[in-house]
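Engineer:
There are 2 protein chains.
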Amino acid sequence: MKLFMEHGKIYVTGLGPGAAEQMTFQAGNVLEKCSVIIGYTVYIDLIREAYPDKVFLSTPMRREAERCRMAFEEAAKGKNVAMVCSGDAGIYGMAGLIYEIGRDYPEVGIEVVPGITAASGGAAVLGAPLMHDFAVISLSDLLTPWETIERRLRAAAEADFVICLYNPSSKKRADYLRRACALILQYRSGKTVCGTVRNIGREGESCRILSLEELMDTPVDMFTTVYIGNSNTMELRGRMVTPRGYRDV
Amino acid sequence: MKLFMEHGKIYVTGLGPGAAEQMTFQAGNVLEKCSVIIGYTVYIDLIREAYPDKVFLSTPMRREAERCRMAFEEAAKGKNVAMVCSGDAGIYGMAGLIYEIGRDYPEVGIEVVPGITAASGGAAVLGAPLMHDFAVISLSDLLTPWETIERRLRAAAEADFVICLYNPSSKKRADYLRRACALILQYRSGKTVCGTVRNIGREGESCRILSLEELMDTPVDMFTTVYIGNSNTMELRGRMVTPRGYRDV
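If you read the protein sequences in the order shown, they are chains A and B. To convert, note that position 206 of the first sequence is 646 in our numbering; the numbers rise steadily by one, no gaps. To convert, note that position 62 of the second sequence is 502 in our numbering; the numbers rise steadily by one, no gaps.
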């Protein structure tokens, strides 16, 4: 891959779920080499100290399109720009919007630099829940009709996927995880092994393993990632483990 | 997280899909600090040169259980052991089997160190295909009955998930991708935007964007990861892009 051979490129870069340690060397190289770093205020604040000589630009949450245009304007001036997101820029991150807005800036190059997404990072904390086919579903209905989310929850539950839920809750959506669990319970046992991880890779990281019935009555916040096991998922050594398939041990 | 505070721990470590650059700093630290590195022969050969002072142990493919027991035996002697996999150790990797076999070695600690999985790494090459809910399905029926795989393909296709296929082909399963596409075509348009990525992050990395109809007649090998878009996925600037939701641009 040719990094930094041209000027005026946007590197849409995932920083991983939390700790700087969970960043890739590639993402570290991008931050080193770009003169401008753009992102959501909270993530920018996390890395600002490490790079005192960079230009940092940010916008608050929900101003994503504006943030993207900012990146293109800087890149159009000939600067290399790192557009940073937590997790993986390509999974519910900024990569898609950058490509969409990029229609207006055909002269600016775009490269996506992958990061550890919450599904991977949280799975490592819980044990090994994602060892078999899995579905990743966001419970946020900000950009998706709830009917679509419900249809996907039903399909994933019925076909015995391990399910990983992003954005399981917010102030306005306090009961969404409960609604999701109620749907899944139509297809899966209440004893299904589930897990939650909060603040992945950050200070105060915590996790919990519990049954689907218990999960239904558990309040979670927006910093939590939720895992619902498949019919073979078990608790082993205090961890959530999905066997890979036929027993071969 | 307390790394290396005790002796005799196994770090099940994902190295990312290809290039060393796609490894996390955390994985790099684990390799530095462990005295024994165990893995599948091919991956071990990729990193052996970088760490001339380590003990390297490996077994050929399909000898996974044996490889795990080797790791526990070394850790039981008081050594820190890195059990390495490509991609993410927690996604179709070795984390699950390590926990399963760990039942016989309760005194040995286990920690999973996440890596960039092929789904993330390949998505970055193609553009931004995984910006919305997605299902990850392995087409390998080595450890899973084909009926289960088929049921999951149908469910994911019907509920309009983006679908990412691991292990889409092998010598014995040359027509599996064709069979999967035929199933998905019962629910999705033949014009659905799809993508393939081969040798993610490695020499000779290549990708292709094509329709579901075309994908059905495209031979792929075991080094390829396949993406089938949802009903909104489009080709933009020569890339595969799934919009995040309602247009907000």
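Built from N, CA and C at the ideal position, the CB exists for glycine as well.
Quick one: grab the DSSP three-state call for A/Val-689.
Structural biologist: Caution is warranted here: a pLDDT of 44 is assigned to A/Val-689, below 50, making its placement in the model unreliable, and the coordinate value is therefore given only provisionally. Of the three classes helix, strand and coil, the one that applies to A/Val-689 here is coil, per DSSP.
Engineer: Hey, how far is the Cα of A/Arg-619 from the Cα of A/Met-656?
Structural biologist: The alpha-carbon atoms of A/Arg-619 and A/Met-656 are separated by roughly 8 Å.
Engineer: Does the beta-carbon distance from A/Met-523 to A/Ile-538 come in below 8 Å?
Structural biologist: The answer is yes: Cβ separation under 8 Å.
Engineer: Using the Cα positions of A/Arg-507 and A/Ile-484, report the straight-line distance between them to the nearest angstrom.
Structural biologist: About 12 Å.
Engineer: Taking the straight line between their C-alpha atoms, what separation do you get for A/Thr-665 and A/Glu-551?
Structural biologist: Cα to Cα, A/Thr-665 sits roughly 27 Å from A/Glu-551.
Engineer: So B/Tyr-480 is in the beta strand (DSSP E); what residue range does that whole segment cover?
Structural biologist: Start and end: 476 to 480.
Engineer: At a CB-CB cut-off below 7 Å, which residues of chain A make contact with B/Ile-668?
Structural biologist: What B/Ile-668 touches in chain A: nothing, since even the nearest Cβ is about 14 Å away.
Engineer: With a threshold of 7 Å (Cβ to nearest heavy atom), would A/Asp-573 be considered close to the ligand GTP?
Structural biologist: The ligand GTP is not among the ligands present in this structure, which contains no ligands whatsoever.
Engineer: Note the first and the last residue of the continuous alpha helix (DSSP H) segment covering A/Arg-594.
Structural biologist: Unbroken alpha helix (DSSP H) run through A/Arg-594: 586 to 598.
Engineer: Please determine, among A/Arg-502, A/Lys-631, A/Gly-518, A/Gly-456, the residue with the shortest C-alpha to C-alpha distance to A/Ala-558.
Structural biologist: Nearest of A/Arg-502, A/Lys-631, A/Gly-518, A/Gly-456 to A/Ala-558, Cα basis: A/Gly-456.
Engineer: Once you ignore the five residues that flank B/Glu-472 on each side, which residues in its own chain have a CB closer than 7 Å to its CB?
Structural biologist: Here the set comprises nothing.
Engineer: Name, in chain order, the residues that DSSP records as bridge partners for B/Ser-651.
Structural biologist: According to DSSP, which records beta bridges pairwise, B/Ser-651 is partnered with B/Val-633.
Engineer: Take every Cβ of the region 667 to 683 of chain A, pair it with every Cβ of the region 559 to 567 of chain A, and state whether three or more of those distances are shorter than 8 Å.
Structural biologist: These segments touch.
Engineer: Between the alpha carbons of A/Pro-585 and A/Ala-622, how many angstroms are there, rounded?
Structural biologist: Their Cα atoms are separated by approximately 18 Å.
Engineer: Output, in chain order, the set of chain A residues within a Cβ distance shorter than 7 Å of B/Arg-591.
Structural biologist: Simply Ala-599.
Engineer: Restricting to Cα atoms, I'd like to know which of B/Ala-505, B/Val-470, B/Ser-498 is closest to B/Ile-478.
Structural biologist: Comparing Cα positions, the closest option is B/Ser-498.
Engineer: Any C-beta of chain B sitting closer than 8 Å to the C-beta of A/Ala-511?
Structural biologist: Judged by the 8 Å Cβ criterion, A/Ala-511 is not in contact with chain B.
Engineer: With 16 as the cutoff for other CB atoms within 10 Å, does A/Arg-628 come out buried or exposed?
Structural biologist: Result: buried.
Engineer: Could you say if the region 605 to 613 of chain B and the region 597 to 615 of chain A meet the contact criterion of at least three C-beta pairs nearer than 8 Å?
Structural biologist: Too few Cβ pairs lie closer than 8 Å, so no.
Engineer: Name the chain B residues that come within less than 9 Å of A/Thr-682, Cβ to Cβ?
Structural biologist: Going along chain B in sequence order, the residues near A/Thr-682 (Cβ under 9 Å) are Gly-536.
Engineer: 8 Å is my cut-off, CB to CB: does A/Tyr-539 come that close to chain B?
Structural biologist: Yes - at least one Cβ of chain B is within 8 Å of the one on A/Tyr-539.
Engineer: Tell me whether A/Arg-592 is buried or exposed, calling it buried when 16 or more other Cβ atoms sit within 10 Å of its Cβ.
Structural biologist: Under this definition A/Arg-592 is a buried residue.
Engineer: So, does the CB of A/Glu-415 fall closer than 8 Å to a CB anywhere in chain B?
Structural biologist: One cannot answer for residue 415 of chain A here, as it falls past the ends of chain A, which runs 441 to 689.
Engineer: So, do the region 632 to 650 of chain A and the region 669 to 678 of chain A have three or more beta carbon pairs nearer to each other than 8 Å?
Structural biologist: In short, these stretches touch, since the Cβ pair count reaches three.
Engineer: Under 8 Å between C-beta atoms, does B/Lys-449 make it to chain A?
Structural biologist: Not one chain A Cβ lies under 8 Å of B/Lys-449.
Engineer: Looking at B/Ile-450 and B/Phe-512, is the spacing between their C-beta atoms short of 8 Å?
Structural biologist: Cβ atoms of B/Phe-512 and B/Ile-450: closer than 8 Å.
Engineer: Excluding the 5 residues preceding and the 5 following A/Glu-504 in the sequence, name in chain order all residues of the same chain whose CB lies nearer than 7 Å to its CB.
Structural biologist: Met-534, Leu-537, listed in sequence order.
Engineer: For the beta strand (DSSP E) containing B/Glu-675, name the first residue and the last one.
Structural biologist: Per DSSP, B/Glu-675 belongs to the beta strand (DSSP E) from 674 to 676.
Engineer: At 4 residues or longer, and completely inside the region 480 to 540 of chain A: list those alpha helix (DSSP H) runs for me, N to C.
Structural biologist: For the region 480 to 540 of chain A, whole alpha helix (DSSP H) runs of length 4 or above, ordered along the chain, are 481 to 488, 504 to 516.
Engineer: Does the beta carbon of B/Met-662 come closer than 8 Å to any beta carbon on chain A?
Structural biologist: Closer than 8 Å: no.
Engineer: What residues in the region 552 to 583 of chain A have a beta carbon less than 7 Å from any beta carbon of chain B?
Structural biologist: If the cut-off is 7 Å between Cβ atoms, the region 552 to 583 of chain A has Val-552, Val-553, Pro-554, Ile-556, Thr-557, Ser-560, Gly-561, Ala-563, Ala-564, Gly-567, Ala-568, Leu-570, Met-571, Asp-573, Phe-574, Ala-575, Val-576, Ile-577, Ser-578, Leu-583 near chain B.
Engineer: Would B/Glu-472 pass as an interface residue toward chain A - the criterion being a Cβ-Cβ separation below 8 Å?
Structural biologist: Chain A contact via Cβ: absent.
Engineer: Short check: CB of A/Thr-682 to CB of A/Met-510, under 8 Å?
Structural biologist: No; because the gap between Cβ atoms is not below 8 Å, this pair is not in contact.
Engineer: First and last residue of the alpha helix (DSSP H) that includes A/Ser-560?
Structural biologist: Counting along the chain, the alpha helix (DSSP H) containing A/Ser-560 begins and ends at 558 to 566.
Engineer: Of all the options B/Ala-597, B/Phe-574, B/Leu-617, which has the alpha carbon lying nearest to the alpha carbon of B/Ser-710?
Structural biologist: Lying before the first or after the last residue shown, residue 710 of chain B is absent from chain B, which here runs from 441 to 689.
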